[in-house]
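Here the sequence shown is numbered in this note's numbering, starting from 2 and rising by one per residue.
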Amino acid sequence: MDNNSFSKECSFDHIDTIMKYLQPVISIPTFFIGLVLNVLALRVFFSWKKQTETSIYMINLALTDLLLLVSLPLKMYYSTEEQPQLLCKFIEALYFVSMYGSIFIIVCISLDRYLAIRHPLKSKAFRSPRKAIVVCCCIWVIVWLSSIPIYDFHKNDKVRCFHNMSEQAWGIPIILTVEVFGFLIPLTLMVYCTIQIILTLWRRKNQGQKWAEQAAFVWIILANLMVFVVTFTPVHLGIFLQFLVRRNVIVDCIVKQNISLFIQVAMCVANVNCCLDAICYYFATETYPLKQQLFVRDKPKVE
Numbered sequence: 002m003d004n005n006s007f008s009k010e011c012s013f014d015h016i017d018t019i020m021k022y023l024q025p026v027i028s029i030p031t032f033f034i035g036l037v038l039n040v041l042a043l044r045v046f047f048s049w050k051k052q053t054e055t056s057i058y059m060i061n062l063a064l065t066d067l068l069l070l071v072s073l074p075l076k077m078y079y080s081t082e083e084q085p086q087l088l089c090k091f092i093e094a095l096y097f098v099s100m101y102g103s104i105f106i107i108v109c110i111s112l113d114r115y116l117a118i119r120h121p122l123k124s125k126a127f128r129s130p131r132k133a134i135v136v137c138c139c140i141w142v143i144v145w146l147s148s149i150p151i152y153d154f155h156k157n158d159k160v161r162c163f164h165n166m167s168e169q170a171w172g173i174p175i176i177l178t179v180e181v182f183g184f185l186i187p188l189t190l191m192v193y194c195t196i197q198i199i200l201t202l203w204r205r206k207n208q209g210q211k212w213a214e215q216a217a218f219v220w221i222i223l224a225n226l227m228v229f230v231v232t233f234t235p236v237h238l239g240i241f242l243q244f245l246v247r248r249n250v251i252v253d254c255i256v257k258q259n260i261s262l263f264i265q266v267a268m269c270v271a272n273v274n275c276c277l278d279a280i281c282y283y284f285a286t287e288t289y290p291l292k293q294q295l296f297v298r299d300k301p302k303v304e
């Protein structure tokens with residue numbers, strides 16, 4: 002999503018050279034580690050004899066992460082040379098569908114935790130495996146339908162994938178939707194749910210419940226939030242900065258080059274989320290001792 006060749010007076014060849022070597026350094030380990038971790042996560046959650054809301058969300062999160070991992074080799078290969086327009090559009094749609102599908106499911110996991118811990122009795126009316134399946138199906142439908150505009154992001158017959166997108170791709174409606182609904186609202190919900198969960202557990206500690214048993218879970222959900230912030234904030238900041246470039250708010254060549262490099266590196270960093278999700282959310286399900294409050298239904302015991 003950089004502005005390669007956007008300006009005749011400003012060359013981005015050296016940025017391409019840097020990314021030619023840097024992108025594989027980040028993306029290849031991400032692909033293999035993420036593949037192993039998410040396959041293992043699927044195996045664990047599918048092994049549960051009785052599926053819970055959490056296991057359903059986790060299965061769908063692993064699937065979105067695997068979908069993004071599948072798109073990584075295609076992204077690396079097809080972003081270096083000009084390719085048929087339709088092929089690039091499909092790869093870009095695959096990549097962004099998996100990224101935002103992952104974001105929305107992560108938020109659903111946070112909301113599910115919040116309801117289970119903050120409102121354990123009232124939440125029974127809103128939480129069930131069937132409703133979790135419906136929510137996940139809605140997310141899949143929404144992200145795929147939202148990818149339709151991507152098929153109008155390139156005008157030339159042959160293009161470099163994730164490069165030289167049309168003016169429509171950088172229009173205010175598209176960028177505003179991506180930034181607000183794709184990041185700011187999910188981030189706000191994540192922060193709110195995390196704070197409320199921690200406050201609720203702290204109050205229970207003051208009511209006599211053992212804090213040591215809950216402290217590990219608090220650190221896990223804080224880690225979930227930090228992973229979300231660290232992996233997804235840079236790429237959305239980069240999208241906003243590139244939007245300013247395309248709107249001619251930023252015109253300095255060196256600044257534009259730095260933004261081009263920043264957004265491409267930020268996309269690589271965002272991909273690392275696929276590895277961290279599997280680790281953080283698996284340990285979250287195994288750490289919290291009061292599973293009857295967090296998941297309503299306990300994980301089946303191994304005989």
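For each residue, glycine too, the CB sits at the ideal point set by N, CA and C.
Are the Cβ atoms of residue i and residue j separated by less than 8 Å?
i: A133; j: I57; result: yes
i: Q215; j: K206; result: yes
i: L73; j: V266; result: no
i: S80; j: H15; result: no
i: I310; j: F244; result: The structure shown does not extend to residue 310, since the chain spans only 2 to 304, so no value can be given for it.
i: I104; j: F233; result: yes
i: I92; j: L75; result: yes
i: E83; j: R161; result: yes
i: S28; j: M100; result: no
i: D253; j: L62; result: no
i: L188; j: L112; result: no
I believe residue i touches residue j by the beta-carbon criterion, under 8 Å. Please report the beta-carbon distance rounded to the nearest angstrom.
i: I106; j: I143; result: 11 Å between Cβ atoms; not a contact.
i: A217; j: C281; result: About 12 Å separates the two Cβ atoms, so there is no contact after all.
i: V231; j: I264; result: Contact flag wrong, Cβ pair sits at about 16 Å.
i: T31; j: C275; result: 7 Å
i: L87; j: L36; result: Contact doesn't hold; Cβ gap of about 27 Å is too wide.
i: K109; j: V135; result: The question names Lys, yet the displayed sequence has Cys at residue 109. The pair is not a contact, with the Cβ atoms about 11 Å apart (cut-off 8 Å).
i: F13; j: Q258; result: 6 Å
Restricting to Cα atoms, I'd like to know which of the options is closest to residue i.
i: L68; options: F97, H120, S129; result: F97
i: L95; options: K51, M77, S148, S111; result: S148
i: C269; options: L88, K21, A126; result: K21
i: W49; options: W145, L226, P130, L87; result: P130
i: T201; options: V219, F184, T189, L190; result: V219
i: C11; options: F46, D278, I255; result: I255
i: Q169; options: D153, F184, F47; result: D153
i: R128; options: L226, K257, Q52, T178; result: Q52
i: L226; options: F241, V45, L238, I199; result: I199
i: L238; options: V179, P85, V273; result: V179
i: A271; options: V45, T18, F184; result: F184
i: F340; options: I260, M166, K123; result: No answer is possible for residue 340: the residues shown for the chain start at 2 and end at 304.
i: L146; options: C89, G102, V228, I19; result: G102
i: I186; options: F229, I173, K125; result: F229
i: L273; options: I19, D17, D66; result: Looking at the sequence provided, one finds Val at residue 273 rather than Leu. Cα-wise, what sits closest to V273 is D66.
i: C138; options: P25, S124, L64; result: L64
i: K90; options: W171, G172, M166, I173; result: M166
Ranges of the beta strand (DSSP E) found wholly within the region 44 to 70, counting only runs of at least 3: none
Evaluate the contact criterion for the region 247 to 264 versus the region 25 to 43: three or more CB pairs, one atom per stretch, below 8 Å. no
Decide yes or no for the touch test of the region 110 to 130 against the region 177 to 194: beta carbon pairs closer than 8 Å, at least 3 of them. yes
Residue ranges of each alpha helix (DSSP H) run of no fewer than 4 residues wholly in the region 219 to 276, ordered along the chain? 254 to 272
Please specify which runs of the alpha helix (DSSP H), each continuous and at least 4 residues long, are wholly inside the region 127 to 166, giving them in chain order. 130 to 147
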